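Input: a single structure, listed below in structure tokens.
Residue numbers (the working numbering): 7 to 114.
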């Protein structure tokens, strides 16, 4: 609340901060690039309330481009979630072949 002199009081500051913290994101759009670059565009991350966060892959076409849906998340995805949507989750070492066949699969 402003004081009679027009200067903001600190008394209502916590109420204003609490009110501002109650806001939710209603729309979010972010282009996704390869690490450390701004070109080429790899895809996009989008959220339109009340829907989920969606990750799209950019696909070049002869007459333009299109975006294909890769994954959906209920919350804001982490960098690992975004990477896994594009390249798939990493294989576990437990299921990897070992010995001679493991060596061959590692170099091929």
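Don't be surprised by glycine CBs; every beta carbon is placed ideally from N, CA and C.
For clarity, every value in this text was computed on a predicted model and none was experimentally measured.
### Message
As an exercise, report each continuous alpha helix (DSSP H) stretch of at least 4 residues that is fully enclosed by the region 25-111, in chain order.
### Response
85-93
- Candidates 90, 55 and 73: which alpha carbon is nearest residue 29's? 55
Self-check item: Rounded C-alpha distance that separates residue 5 from residue 85
Solution: Because the chain spans 7 through 114 in this model, residue 5 falls outside it and cannot be assessed.
**Asked** So which of 39, 58 and 89 has the shortest CA-CA distance to residue 49?
**Response** 39
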